[in-house]
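Visitor: Take a look at this one; I'll ask things after.
Residue numbers (the UniProt record's numbering): 1 to 101.
What follows is the structure in structure tokens.
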């Protein structure tokens, strides 16, 4: 990821590089990993540990911890709600701070 650079630009640059290398008879290999759902599955505990590990101050850790803690979810189906469960992974979808995480 690069600021103000979309994925289509990265794909275009990659393919231009591949075509150039193939033209000069170099071998080309690619490995791709889809990170689009990474924030849906991240453990809150691991995220907070990483913040501490990478030197974020106590207040930043407390802010993120507070933002992620005490969140509940339930499923509504055909007029009925399931029981509420604690959310221990992922970041909330749709809030103003969502893009930060």
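Yeah, the Cβ is synthetic: ideal placement off N, Cα and C, and Gly gets one too.
#1: Please state if the CB of residue 50 and the CB of residue 61 are separated by a distance shorter than 7 Å.
#2: State the DSSP-derived secondary structure class of residue 76, mapped to helix, strand or coil.
#3: Pair every Cβ in the segment 74-91 with every Cβ in the segment 30-43, then say whether three or more of these pairs are closer than 8 Å.
#4: Out of curiosity, what's the CA-to-CA distance linking residue 19 and residue 32?
#5: Are the CB atoms of residue 74 and residue 82 nearer to each other than 7 Å?
#6: Per the DSSP calculation, residue 85 is bridged to which residue(s)?
#7: According to the neighbour-count rule (16 or more other Cβ atoms, all chains shown, within 10 Å of its Cβ), is residue 28 buried or exposed?
#8: Just the C-alpha distance for residue 71 and residue 39, rounded to the nearest angstrom, thanks.
#9: Tell me, which residues are paired with residue 43 by DSSP?
Guide: With the structure as the only source:
#1: Taking the first residue of the chain shown as 1, we reach residue 61 at position 61. Taking the first residue of the chain shown as 1, we reach residue 50 at position 50. Cβ atoms of residue 61 and residue 50: not closer than 7 Å.
#2: Position 76 of the chain shown, counting from 1, holds the residue named residue 76. Residue 76: strand per DSSP, three-state reduction.
#3: yes
#4: The residue given as residue 19 occupies position 19 in the chain shown. The residue given as residue 32 occupies position 32 in the chain shown. About 18 Å.
#5: Position 74 of the chain shown, counting from 1, holds the residue named residue 74. Position 82 of the chain shown, counting from 1, holds the residue named residue 82. The answer is yes: Cβ separation under 7 Å.
#6: Numbered from 1 along the chain shown, position 85 holds the residue referred to as residue 85. DSSP lists 73 as partners of residue 85.
#7: In the chain shown, counting from the first residue as 1, residue 28 sits at position 28. When all chains shown are included, residue 28 counts as exposed.
#8: Mapped onto the chain shown, residue 71 falls at position 71. Mapped onto the chain shown, residue 39 falls at position 39. Computed Cα separation, rounded: 16 Å.
#9: Numbered from its first residue, the chain shown carries residue 43 at position 43. Note: residue 43 sits in a beta bridge opposite 89.
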